[in-house]
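Taken in order, the sequence shown gives residues -24 to -1, 1 to 698; the numbers are from mature numbering (1 follows the signal peptide of the UniProt record, and there is no 0).
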Amino acid sequence: MIKSATFAAVVSLAVAGWSSPSAAQTFDPLQQLLETRACQNCDLSNLDLSGQDLSQIDLQGATLTQANLSGADLSNANLTGANLTGANLSGANLQGAQLETAILTNTDLSNANLEQTILAESEQIESEAPIDGEGPADRETPTVEEDSDAETASLISPLLNQQFQQPTAQTLPQGTVALKGTSRLFSLSDDVAGDNDTPVFIHLGFSVGITDDLELSAAFQQADSNSPGQQGPFIVNRGGDDPGNDELTFQLKQKIWKNADRSLELSGVAAVSFPPSGRLSTFIGNGDVVSVENDAVVPALQLPLTATVGERTKLTLSPTIAFFPSGSALFLSTPPIANSGSFGTTFGLTGAASFNAFDRLTLFADAFVPFTGNNSISPTSGLPNREIVFNAGARYLINPRLAVDLFATNAAGSLGPLALTTQPDSVGIGANLIFMPDLAPRNRRIADNRKGELDQPDSPRTIDGLGFFDGGTVPKGKFAFHLQGGSQGLLTALRYGLLKDFEGGIFLDSISGAVDESEQGISGKIRLLNQDKGAPFTLSVAGTLSQTNDVFSNFVNNDAGAFDALGIDEGFPFIGNRDRDDRLFIVTTSVPIIYKISERANVWFTPTVGLVQREGVELAGFNLGGELQVLPAFSVLAEVGANFAGSGNAFSGNSLVDRIPFNFAVRVDPLRLFGDDSDTPRANRPNVELFLTNRVGSSPWHQLRVRDQNDIAVGAGILIPF
């Protein structure tokens, strides 16, 4: 079709030129361009095309230097390889346009709509519109040096079109990959076995754009082993030595239809969910204990239609059906009584909306309203019932490849059929981290910063305390290895800079003795303010998810002898272990704030909250510290903290009380000590630490915990950045 249109245009121009000189003199290139809708490799320099409807036009390889395209509609236009040097595209609609290999030197793209615009390998962008969804006012204008030979990254974030919870019709671009981790926390008001509460639901997954119109997602979803709690005359949990509370889910999304400007899109979504080792529900009541297990493979189908309304709003409506068996809806089971009711095929409508409030903040909400079948249970009657499933919150975009969500929810999952069931009669808080790692080459074409810079060096690591996760983030692509040992036990962590402003890590606090617990887990930290880039100080948000060993029964029961009474081995903490009453998950959130006074001195303040699975907030306090370089190879460090929550942070006798945690340390630069006078910054050099402390360990949880009987420990450690 395009080739035919191009051929017709050439023939008509040739005939007009040969038949009449006057006709040739009155030739209007704009008129011909609008009539043929194609002009590959044409010279359209300095042409005034402002405000014109050029949607779906073919301008491959065209020369448009100094052309005026302000306010033009170029949606879905093909500008591959076009030369747009000095062109004015301010306010233009480039939604879905192809600009691969286009030359954009000194091109004015201010206030342009670049949603789903393909900018891969476009050359030397001088100015580019910011992340889609921002209003015309107060936009940042990122720049890249005109003489730079480096490829410039796109500031268009696929994360703004990636689903928040329930799926939309929009898909990830081909070759892009997004990783996702979600945690949901619910309170059951003690209506669970063992009088415990605060279930933790964990979901880890990924999405990948197979093509521009086909997306694959997968998730490992884990439900809390001590819920759902009250179910009629029973208390129900997924407890036991081998609880069945794991779920694997796979989902395919195929774009079926879209209109010309992609303001309307329709997709089909098929998901399937199954348990690796069965789903177990244990009913306790009426003097009986009855275990019910199911291993049903559950499919679900959705047909989302998404409308993009203006620059800020997206609306989705989706017919939804989940094929639950009659006796269960994944982790929810009918009670072992006569006339127990049923779940069965559940059909309804899902609605979703998102609104870009400003710059990096998007508000979202979704709800699944079932019309037939059942997707929940009634805590009062214990029978299956229908309940609206909802999620509502906000997404904050740290940079185009990194975002965090905070939301209210009653959903038991984030993907597939599990996301269509509820945690019965309960509302929880969810937190979600989604990012696009460097492992996918297409991801690397998207900026990991707000200026569109590609391969620019990250800020150095901050100089902070003995705790593993104080201070700022590890630079992108770099590691930091911590190893400490002494009276406390063996403490170690490995941190890695996944992106600018974002690090991930693993850690282990293997604590000696049978009173204070050991802990192993994973960590993540996001930097929100960076003193190295002009902020008044560096501020980050750090989170950890860990599991304890069995010694934790002492802390949970506020009894220093509880573990000995169990008559079992201490066990080794591992986050992949099954949880149980004496071996639970711990979630911490901290806000490290550090101020660099000079190259020789730093101070920091770290508020921290620690939540224990099914127990709630058990520790909440702070750490305050400072470090001073007193000689080229030596610095001194002091830290002090406090706890204000729970029964206490240390055992005194057999019970918990509050004590003041502290650290005192001397840091040694071994390279400088042995004659290395290079200019390598302190943050990039290994350090040896000699310390006195009364803290249990170096994780955020253990930095608030004080050792049994306030015992003083001595130790040594090493930090190696590489």
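Glycine included, each C-beta is placed from N, C-alpha and C at the ideal position.
message: Within the continuous beta strand (DSSP E) that includes Asn408, where are the two ends?
response: Position 432 of the sequence shown, counted from the start, is the residue given in the question as residue 408. Looking at the DSSP string, the run of the beta strand (DSSP E) that includes Asn408 is 404 to 411.
- request: Please check the pair Gln507 and Thr514, which I expect to be a contact at CB under 8 Å, by giving their CB distance rounded to whole angstroms.
  value: Taking the first residue of the sequence shown as position 1, residue 507 is located at position 531. Taking the first residue of the sequence shown as position 1, residue 514 is located at position 538. The Cβ separation is near 5 Å, so the contact holds.
- prompt: How many Å lie between Leu35 and Asn235 at the Cα?
  reply: By 1-based counting over the sequence shown, the position of residue 35 is 59. By 1-based counting over the sequence shown, the position of residue 235 is 259. Cα to Cα, Leu35 sits roughly 21 Å from Asn235.
- prompt: Taking C-alpha atoms, which residue in Asn419, Pro657, Ser675 lies nearest to Gly497?
  reply: Locating residue 497 in the sequence shown gives position 521, counting from the first residue. The shortest C-alpha separation from Gly497 is found at Ser675.
task: May I have a chain-ordered list of the alpha helix (DSSP H) segments no shorter than 4 residues that lie completely inside the segment 609 to 679?
output: 646 to 649
- request: Using alpha carbons as the reference points, say which of Thr322, Phe610, Ala341, Gly622 lies closest to Ala328.
  value: Numbered from 1 along the sequence shown, position 352 holds the residue referred to as residue 328. Ranking the options by Cα distance to Ala328, first place goes to Ala341.
field: Host beta strand (DSSP E) of Val184 (start-end)
entry: In the sequence shown, residue 184 corresponds to position 208, counting from 1. Val184 -> beta strand (DSSP E) spans 176 to 187.
query: Under the rule that 16 or more other beta-carbon atoms within 10 Å means buried, what is Gly543, buried or exposed?
result: Translated into the one-based positions of the sequence shown, residue 543 becomes position 567. Per the 10 Å Cβ criterion, exposed.
message: Rounding to the nearest angstrom, what Cα-Cα distance links Leu600 and Ile551 in this structure?
response: Here residue 600 refers to the residue found at position 624 of the sequence shown. Here residue 551 refers to the residue found at position 575 of the sequence shown. One C-alpha to the other measures close to 29 Å.
- prompt: Can the beta-carbon of Ile353 be found less than 8 Å from the beta-carbon of Leu308?
  reply: Taking the first residue of the sequence shown as 1, we reach residue 353 at position 377. Taking the first residue of the sequence shown as 1, we reach residue 308 at position 332. Against a cut-off of 8 Å, the Cβ pair of Leu308 and Ile353 comes out as a contact.
- prompt: How close, in whole Å, do the beta carbons of Pro568 and Ala518 come, if the pair is a contact with beta carbons under 8 Å?
  reply: Counting from one through the sequence shown, the residue named residue 568 turns up at place 592. Counting from one through the sequence shown, the residue named residue 518 turns up at place 542. The Cβ separation is near 6 Å, so the contact holds.
task: Reducing DSSP to helix, strand and coil, say where Asp508 ends up.
output: Stepping through the sequence shown from its first residue, residue 508 is reached at position 532. Residue state, collapsed to three classes: helix.
message: Strictly under 8 Å for the Cβ-Cβ distance: is Thr310 near chain B by that measure?
response: As a matter of chain content, chain B is missing from the structure shown, which is built from one protein chain.
- prompt: Thinking just about the alpha-carbon of each residue, which of Val268, Arg288, Thr310, Leu9 is nearest to the one in Asp336?
  reply: As a first step, residue 336 must be located in the sequence shown, where it is residue number 360. Per the sequence shown, the amino acid found at residue 336 is Arg instead of Asp. The candidate whose alpha carbon is nearest that of Arg336 is Arg288.
query: In chain order, which continuous runs of the beta strand (DSSP E) of length 3 or greater are located wholly inside the segment 261 to 334?
result: 264 to 270, 274 to 278, 281 to 285, 289 to 299, 321 to 334
message: By DSSP's criteria, Arg255 is part of a beta bridge. Which residues make up the other side?
response: For the purposes of this step, residue 255 is taken as residue 279 along the sequence shown, with counting starting at 1. Its beta-bridge partners are Asn270.
message: Which of the three DSSP states is assigned to Arg418 in this structure?
response: As a position in the sequence shown, residue 418 is number 442, starting the count at 1. Note: Arg418 maps to helix in three-state DSSP.
message: Among the candidates Phe528, Ala78, Phe627, Gln207, whose CA atom is the shortest distance from the CA of Ser357?
response: What you label residue 357 is simply residue 381 of the sequence shown in a count that begins at 1. Among Phe528, Ala78, Phe627, Gln207, the Cα nearest to that of Ser357 is on Gln207.
message: Are the CB atoms of Asp424 and Trp580 within a distance shorter than 8 Å?
response: Position 604 of the sequence shown, counted from the start, is the residue given in the question as residue 580. Position 448 of the sequence shown, counted from the start, is the residue given in the question as residue 424. The answer is no: Cβ separation not under 8 Å.
- request: Please classify Val585: does DSSP put it in a helix, a strand, or coil?
  value: Counted from its first residue, the sequence shown places residue 585 at position 609. Looking at Val585 - three-state DSSP - the assignment turns out to be strand.
task: Would you kindly work out how many angstroms separate the C-alpha atoms of Thr225 and Arg377, rounded to a whole number?
output: Residue mapping note: residue 225 aligns to position 249 of the sequence shown, counting from 1. Residue mapping note: residue 377 aligns to position 401 of the sequence shown, counting from 1. Rounded to whole angstroms, Thr225 to Arg377 spans 24 Å at the Cα level.
query: According to DSSP, is Pro355 helix, strand or coil?
result: Mapped onto the sequence shown, residue 355 falls at position 379. Pro355: coil per DSSP, three-state reduction.
query: Name the DSSP beta bridge partners of Ala596, please?
result: The residue labelled residue 596 in the question sits at position 620 within the sequence shown. Beta-bridge pairing links Ala596 to Val585.
query: Would Gly181 pass as a contact of Leu415 if the rule is Cβ separation under 8 Å?
result: If you number the sequence shown from 1, residue 181 lands on position 205. If you number the sequence shown from 1, residue 415 lands on position 439. Going by C-beta atoms, Gly181 is not nearer than 8 Å to Leu415.
Distance, Val527 Cα to Asn172 Cα: As a working mapping, residue 172 is identified with position 196 in the sequence shown. As a working mapping, residue 527 is identified with position 551 in the sequence shown. Model confidence at Asn172 stands at a pLDDT of 48, short of 50, so the residue's coordinates are unreliable and nothing is read from them.
- prompt: Is it right to say Gly369 is buried, meaning 16 or more other beta carbons lie within 10 angstroms of its own, or is it exposed?
  reply: Working through the sequence shown from its first residue, we reach residue 369 at position 393. By the 10 Å Cβ count, Gly369 comes out buried.
Check whether Val612 and Val644 have beta carbons under 8 Å apart: As a first step, residue 612 is located in the sequence shown; it is residue number 636 there, counting from the start. As a first step, residue 644 is located in the sequence shown; it is residue number 668 there, counting from the start. Result no, Cβ atoms of Val612 and Val644 do not sit closer than 8 Å.
Nearest neighbour of Gln150, chosen from Gln141, Gln142, Thr144, Ser183 [CA to CA]: Within the sequence shown, numbered from 1, the residue matching residue 150 stands at position 174. Measuring from the Cα of Gln150, the nearest candidate turns out to be Ser183.
query: By DSSP, does Asn172 sit in helix, in strand, or in coil?
result: Mapped onto the sequence shown, residue 172 falls at position 196. Because Asn172 carries a pLDDT of 48, less than 50, the predicted location of this residue cannot be relied on, and the following value inherits that uncertainty. The answer is coil: DSSP assigns Asn172 none of H, G, I, E or B.
- request: State the Cα-Cα distance for the pair Asp381 and Thr564, rounded to the nearest angstrom.
  value: For the purposes of this step, residue 381 is taken as residue 405 along the sequence shown, with counting starting at 1. For the purposes of this step, residue 564 is taken as residue 588 along the sequence shown, with counting starting at 1. Answer to the nearest angstrom: the Cα atoms are 17 Å apart.
query: So, are the CB atoms of Thr292 and Thr385 less than 8 Å apart?
result: Position 316 of the sequence shown, counting from 1, holds the residue named residue 292. Position 409 of the sequence shown, counting from 1, holds the residue named residue 385. No.
task: Within 10 angstroms of the Cβ of Asp19, are there 16 or more other Cβ atoms? Answer buried if so, exposed if not.
output: Residue mapping note: residue 19 aligns to position 43 of the sequence shown, counting from 1. Its Cβ having fewer than 16 others within 10 Å, Asp19 is exposed.
message: For Gly404, tell me which candidate among Glu11, Gly510, Arg590, Thr152 has the shortest Cα-Cα distance.
response: Here residue 404 corresponds to residue number 428 of the sequence shown, with the count starting at 1. Looking at the Cα atoms, Arg590 is the closest of the given residues.
- request: Sort out for me which residues DSSP pairs Asp29 with in a bridge.
  value: Against the sequence shown, residue 29 aligns to sequence position 53. In DSSP, Asp29 forms a bridge with Asp49.
query: What separation, rounded to the nearest whole angstrom, lies between the Cα atoms of Arg559 and Leu155?
result: The sequence position of residue 559 within the sequence shown is 583, counting from 1. The sequence position of residue 155 within the sequence shown is 179, counting from 1. Distance between the alpha carbons of Arg559 and Leu155: 28 Å.
query: Can you tell me the Cα-Cα spacing of Leu587 and Ser566, whole angstroms?
result: By one-based count along the sequence shown, residue 587 stands at place 611. By one-based count along the sequence shown, residue 566 stands at place 590. Whole-angstrom Cα-Cα distance: 12 Å.
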